[in-house]
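Chemist:
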Amino acid sequence: QKANSHRFRKSHKNQMKAVVLALTLALVPDFSPGKTYVYKYEASIMNGLPDEGLARAGLNITSKFLINAVNQNTYMLKPLELKINEYNGVWPKDHPEPVSKLTAAMTPELNIPIKFEYSNGVVGKVFAPEGVSDLVLNLYRGFLNILQLNIKKTHNVYDLQEAGTQGVCKTLYSVNEDVKADRILLTKTKDMNHCQERITRDMGLAYTEKCEKCQRESKNLRGSTSYRYVLKPVPSGIMILEADVNELIQFSPVSERYGAVQTETQTLSFLEIEKSPIAPIPAEYHHRGSLKYEFSNEFDLSPFQLAKVTDERAQIEELLNHLITHNAEEVNEHAPLKYWELIQFLRLARYEDLEAVWNKYKNMPSHLWLLEAIPATGTTAALRFIKEKFQAEDLSVAEAVRTLVAAVHMVKANPESIKLFETLTEDNKINANPVLREIVFLGYGTMISKYSAESDVSPAEHIKVITNFFPLQPIQKRLSEAVSKGETEDIILYVKVLGNAGHPSSLKSITKIMPVHGTAAASLPIRVHIEAIMALRNIAKEEPRMVQELALQLYMDKALDPELRMLSCIVLFETNPSMALISTLANAVKSEENLQVASFTYSHMKSLSRSGSVLHPSAAACNVAMKILSPKLDRLSLRYSKAVYGEAYSSLMLGAAATAFYINDAATFLPRSVVAKTRAFFAGAAADVLEIGVRTDGLQETLLKNPSILESTDRITKMKRVIKALSQWRSLPNNKALASFYFKLFGQEIAFANIDKPMVERAIELASGPSVQAYGLKALKTLLLSGVNFHYAMPVLFTEVRRVLPTATGLPVELSLYSAAVAAAAVEKPTLSPRLPEDFPLSRLLETEIKLETEIRPYTMETYALMGVNTPVFQAFMVSRAKFNSTVPAKISARLDIKEGDFKIEALPVSTPENITAGFETYAVTRNIEEPTAEKITPILPYKAFPSISSQIISSEILEEDDKHKVPFLAKRYCAKYRAIGLKACFKVATENAAFIRDSALYRMIGRHNASFSIKPEGEAAVERLEMEVKVGAKAAEKIIKQINMNDNAGTVLSKLNKILTSNLNRTASSSSSSSSSSSSKHSSKSSSSSSSSRPSGSSSSSNSSSSSSRSRSRSSDSSFEAIYSKNEFLDERDVAVVVSVRAVKTNKKDLGYQVVVYVDKPNARLQIILYPLSGSNWKLCADGVLLSKHKVSAKLAWGEECKEYSTMITGETGLVSSSPAARLRMTWEKL
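For the sequence shown, our numbering assigns the number 12 to the initial residue and increments by one for each residue that follows.
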């Protein structure tokens, strides 16, 4: 055994010596001069789920590659015998199919050889003629990527950051030698999640932040590439005999182990050595980059189609005409897709093309399609177009506002587009309009922010780059001038611009206007200081440490206004402070004398301490700080400032958070400011979705001028004093705002306004000015007399988010999300009775019946999520498509008769199988440019024919199939009948998904899902229309449905009223004294003796005057609800104020529905509402309320048969208890 052990150790030692010996030699790939090395190469790329039996889409390329040396470090590379195959089918049953036309089209370009530098196993510069496209050159890079070998001579296992087509990423090498076969076996693995430089390009993600904690816990995008080489030692180095590459890119929108997968494989095998060299083509070879993937026009490519661009202008007009024609009467179900196609062609268009198309359509209603689509292209040409058209007065102010706001968020930020925005800030027409000026300046800051977010350079280099082509100095210079002149409004605007930009280079300019003790800026208005502090929040995302120091200094300065200190606290917590910093704040709060600041900071820490550490890194530190602070701060009331934070986050990487800041002051009547913000988390990213802030500075001052408002008094008196104080707004100085607000979307301020004295005066002057009144009257007369029909279609691009990243093969993979919708409406010309003369006075409208018809067209929305290969010549995608269609009532007719107090709406039902439908499906699609219309589509679950969701009968069982390839199918149907209006509503859902393979959220989504909601007539007679009629005034009682059978217990409420009225008329024939006595004795059990004895006696000569005087006296004589109610349980038709009827009119003329009658008894301050069905039931709902005094109100609610089955009483009172405001609510019931 010892001998065997000795021989084993000796053998192992010899093997290790052999490996070390081999490694000490020149282990670099060798391509000797004078020889041409021939390799067989195959690359394939597949998209789909990793399981068998599901559809996939992909591409397969095979060819030979020839390599020979030109000189010591330069080589020629040329492919031969190219073949391209596409895969679209069920994996692994189906096989790739040749794409002969595409192969023939690409062969000439792929026969052009290129040059590349290669030294010590590292690929250097790449050279190619101009005729080689970026796509083909990237395919060459995919082959050269295999040749990239960094072999160390002294190690057999090591890692390093290695350059490749995807960037510079962490790579692990392992080198072994097969001594017997005289081969070296090398493996290397690239971790695409740990890259020093990861090559990617994003669109629509400028406003998102990476949630580092989310990504650490569960990555939604993962990638790795493994290489296996068989190398042969040769005298001058090594020769690559075989190479296998396997790359895996996995994406899941939710936090799951399994996701949609794109796999790439490459195989390289040595065939032979030839003597003939590769001859370059007679063209100049230019330096075309290195081994790294080069982006070109990936975002100009539509993932929905491959179209040959022959005549851009003609193709744009063809698409525009298609949209106009097919959406004139109703929205076509393919309208969103066609709208996307229009956007893609407009992206390819030059400014001159946009100009020509606009000139053709600008005077047509269809020009609205262009105005919506052009900003959505996101090109610099689109921004220039908007600018030129506004200056040429082709766009109205409203159109300019809409298109500029869209352009700010959709146009790609680059030096040219930012320069265009800079010129807009100097435009006289823009500056003359306050709204446009605000949009342009804020948009300028937003464009800088977007450029910073999308820039590939490091932050340190970026500060130099940003100064070269779009310096922030002009804004900073304007800010300095505004400060020196004391122009507060301009200072605030420029600070907001710097806040939107969020660039660290702005910090110095903002610091100069901070309220730091002892500086000149301390004398600036507090509004300026507020905006300066709030502008730090976006800068904190780039430079948290610098902002922390400044914010902490401001917070600790107790001489500052408490509001500024609280705002500094907000900024501090947005920098994700450390445990030490939060502990410092907690200790400061312990000794804080200002309870507003203490309450705000404590509540902020407490709400954050409940947060999950995934969403807020400071949660754990705040939890510790809570143990330092006294719980007494919890007892502070809402009179003190508060911060509230709440969140919801699931293990699926989906979440939302909401924050509210309520800043108060002990001396103020209203809160000084309120801020509300929402934040969303999805797929490892975070974004500030919406933020709204309101301030009430001038309003506070106006109210505090009337000290009586703060007195402890009743609510009505206080309200009157507040209204009187507000009416004195004219006494405010011009530079003092009554209130102000701002609106942020995705962290960028898009609008703000100060409501001050000049603004209110301008609004009053504008509204009351003769020109506005004349214009309004002229427009109204044109609408009423000319009979103009109005048709409108509104397309909206909700979402376009794209990420492109290269693969080892040199082909790009795209992850994208699109969402668009198209809605339409039509208003028909109004009908007037009697017809108005040409020049009618406005008073005639009060005597005219107006009838207006409008039609709501179908609404359709489509959303696509895609993953796959997107190139100018070939596409292979996995597609998830969601579609929503709505065909709610086709026509709505409205009739208004002001003189008679009659208002009626009729809705004509839509006769369609489903009123609302929603569908979701997942499929594989491939297409190529040579056969653009011959796309292939395979459902991802191909083994079951999916029945239509609109089929008449759907089973409610889960169908279990014996065949293991069959997909489980679930269908449900739920219906509810509303006999009162003769309609039936049904909801149907059907689904088949991949959960039978793996029960997870992603697999439950994959497949096909359909849902529909429909409303149909129920019963023998069909519903002609739905009606809602409102009648007000003295004749309202005429509209009460008088289907009364006096001998039938199921009579309507009028049968009760008839009995009461008859009884009242009989009683009024006798003397008033006996009438009072009878009434008192009848209700003596429920009325107090004092109220009975306090009634004054009197007489009346007629029944009407007797009734009237009796009712007028009751308000002062009766002191309880019971007394008033017992006198007259139901009010009569003379008290009817409003009648509302909602009914379905059927073909048999029988009405189904409900009627609401509102009675008002003014002398008794009493309101009574009775609701009852129009036929077939004695059920009623009766609501009765009486205002007994300024401090007390009582109400009775009863329902059931004749309102006798159930009832409850509610009484509310307000007043004072020991000089403190108090309220009491009492509720009693007989039966519930």
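Beta carbons: idealized from backbone N, C-alpha and C, even for Gly.
Identify the continuous beta strand (DSSP E) that holds Asn-442 and give its terminal residues.
Modeler: From DSSP, Asn-442 is part of no beta strand (DSSP E) but of the alpha helix (DSSP H) over 439-443.
Chemist: Let's test the definition: count the other Cβ atoms within 10 Å of the Cβ of Ile-948 and tell me whether it reaches 16, buried, or not, exposed.
Modeler: exposed
Chemist: Between the Cα of Asn-374 and those of Trp-351, Leu-406 and Thr-390, spot the shortest distance and give me the residue it belongs to.
Modeler: Leu-406
Chemist: Taking 6 Å as the limit between beta carbons, can you name the residues of its chain near Gly-1223, skipping five residues before and five after?
Modeler: Val-1204 and Leu-1236
Chemist: Considering only residues of the same chain and omitting the five flanking positions on each side of Ala-318, which have a CB-CB separation below 7 Å?
Modeler: Pro-943
Chemist: Rounded to whole angstroms, what's the CA-CA distance from Ala-1234 to Lys-1201? Just pull it up for me.
Modeler: Rounded to whole angstroms, Ala-1234 to Lys-1201 spans 13 Å at the Cα level.
Chemist: Per DSSP, Glu-208 is paired with what?
Modeler: Val-179
Chemist: Looking only at C-alpha atoms, which of Gln-759, Pro-90 and Leu-822 sits nearest to Arg-548?
Modeler: The residue with the shortest Cα to Cα distance from Arg-548 is Gln-759.
Chemist: Can you list, in chain order, the residues of its chain with a C-beta nearer than 8 Å to that of Thr-595? Leave out the 5 residues immediately preceding and following it.
Modeler: Leu-563
Chemist: Measuring straight from C-alpha to C-alpha, what distance separates Leu-252 and Leu-158?
Modeler: 11 Å
Chemist: Work out the CA separation of Leu-1013 and Met-203 for me, nearest whole Å.
Modeler: For Met-203 and Leu-1013, the distance between alpha carbons rounds to 23 Å.
Chemist: Kindly provide the ranges of any beta strand (DSSP E) runs that are 3 or more residues long and lie completely inside the region 265-340, ordered along the chain.
Modeler: 271-285
Chemist: Going by the DSSP bridge assignment, what does Tyr-934 pair with across the sheet?
Modeler: Val-890 and Pro-950
Chemist: Short check: CB of Leu-647 to CB of Ser-610, under 9 Å?
Modeler: Inclusion of Leu-647 and Ser-610 in the CB contact set at 9 Å is warranted, their separation being smaller than that value.
Chemist: Helix, strand or coil: how does DSSP classify Ser-144 here?
Modeler: coil
Chemist: Assuming the contact rule is C-beta atoms closer than 8 Å, His-514 and Ser-463 should be a hit. Round their C-beta distance to whole Å, please.
Modeler: 6 Å
Chemist: For Arg-556, count neighbouring Cβ atoms within 10 angstroms of its own Cβ and tell me buried if that reaches 16, exposed if not.
Modeler: exposed
Chemist: So, helix, strand or coil for Thr-874, using DSSP?
Modeler: strand
Chemist: What separation, rounded to the nearest whole angstrom, lies between the Cα atoms of Ile-521 and Leu-571?
Modeler: 17 Å
Chemist: Since Leu-447 sits in a beta bridge, which residues does DSSP pair it with?
Modeler: DSSP output for Leu-447 lists no bridge partner at all.
Chemist: Are Pro-445 and Tyr-296 closer than 9 Å when you measure CB to CB?
Modeler: Not a contact, by the Cβ cut-off of 9 Å.
Chemist: Would you mind working out which of Asn-187, Leu-1142 and Trp-1190 sits nearest Gly-1196, comparing C-alpha positions?
Modeler: Leu-1142
Chemist: Output the boundary residues of the alpha helix (DSSP H) element that contains Pro-588.
Modeler: Note, Pro-588: premise wrong, no alpha helix (DSSP H); not H, not E.
Chemist: Please determine, among Val-824, Tyr-1165 and Lys-1050, the residue with the shortest C-alpha to C-alpha distance to Val-272.
Modeler: Val-824
Chemist: Using the three-state DSSP reduction, which class does Thr-818 fall into: helix, strand or coil?
Modeler: Thr-818 carries a coil assignment under DSSP once its states are collapsed to helix, strand and coil.
Chemist: Is it the case that the region 72-84 contacts the region 105-112, given that we only count it when at least three CB pairs across the two stretches are under 8 Å?
Modeler: no
Chemist: Just to check my reading of the structure: Leu-259 and Leu-197 have Cβ atoms closer than 8 Å, yes? What is that Cβ distance to the nearest angstrom?
Modeler: That pair is no contact at about 20 Å.
Chemist: According to DSSP, simplified to helix, strand and coil, what is Thr-419?
Modeler: According to the sequence displayed, residue 419 carries Val and not Thr. Helix at Val-419.
Chemist: Which same chain residues, not among the five before or five after Val-1228, have their C-beta less than 6 Å away from its C-beta?
Modeler: none
Chemist: What is the rounded straight-line gap between the Cα of Ala-116 and the Cα of Arg-984?
Modeler: 52 Å
Chemist: May I ask which residues mark the beginning and end of the beta strand (DSSP E) holding Cys-1214?
Modeler: Looking at the DSSP string, Cys-1214 is not in any beta strand (DSSP E), and its letter there is neither H nor E.
Chemist: Mind checking whether Pro-386 and Val-422 have CB atoms under 9 Å apart?
Modeler: yes
Chemist: Under 8 Å: do the region 50-67 and the region 275-285 share three or more Cβ pairs, one atom per stretch?
Modeler: yes
Chemist: For the region 997-1038, list the alpha helix (DSSP H) runs that are entirely contained and at least 4 residues long, ordered along the chain.
Modeler: 1012-1016
Chemist: Is Ala-630 buried or exposed, if buried means 16 or more other CB atoms sit within 10 Å of its CB?
Modeler: Buried: at least 16 other Cβ atoms inside 10 Å.
Chemist: Tell me, please, whether the region 905-919 touches the region 884-896 by the rule of three or more beta-carbon pairs shorter than 8 Å.
Modeler: no
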